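Asker: For the sequence shown, the working numbering gives the first residue as 267, with consecutive numbering after it.
Please read through the structure below; I'll follow up with questions.
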Amino acid sequence: MYAMRFDEVPPQRDLDALRGIEGRRIKESYQRLSEQYGIAWKGRDYDREHPEHNDVINQSLNHAATAMYAAG
């Protein structure tokens with residue numbers, strides 16, 4: 267599945283390693299998109315205990331991720 271999705275064979279088949287690779291890809295995507303759209307990006311940082319203290323971008327990413335998990 268990984269090879270089909272990313273058009274490359276993963277270096278490992280360990281699930282935790284694949285999650286780490288996916289996490290790196292997502293972070294790189296966030297950075298690239300922030301530059302493309304001129305949005306200041308300080309990194310993914312979200313405090314679930316105090317969501318109102320998070321910036322709007324991280325709040326939005328959390329809501330979108332929650333919606334995707336709920337839909338799946």
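Each residue gets a CB set at the ideal place from its N, CA and C atoms; glycine is no exception.
Keep in mind the model is a prediction, meaning the values are calculated, not measured.
#1: In chain order, what residues of the same chain lie with their CB nearer than 6 Å to the CB of A269, ignoring the 5 residues before and after it?
#2: Let me check understanding here. Comparing Cα to Cα, which of N320, L327, E318, R285 lies closest to S300?
#3: Determine the extent of the alpha helix (DSSP H) in which D311 is found, giving its start and end residues.
#4: So, R271 versus K293, is the Cβ gap smaller than 9 Å?
Answerer: Working from what's here:
#1: On the sequence shown, position 3 is the one that residue 269 refers to. For A269, where only same-chain residues beyond five positions count, the Cβ hits under 6 Å are V275.
#2: Numbered from 1 along the sequence shown, position 34 holds the residue referred to as residue 300. For the options N320, L327, E318, R285, the alpha carbon positioned closest to that of S300 is the one of L327.
#3: Stepping through the sequence shown from its first residue, residue 311 is reached at position 45. Counting along the chain, D311 falls outside any alpha helix (DSSP H), and DSSP gives it neither H nor E.
#4: Within the sequence shown, residue 271 is the residue found at index 5, counting from 1. Within the sequence shown, residue 293 is the residue found at index 27, counting from 1. Taking the C-beta atoms as reference points, K293 is found no nearer than 9 Å to R271.
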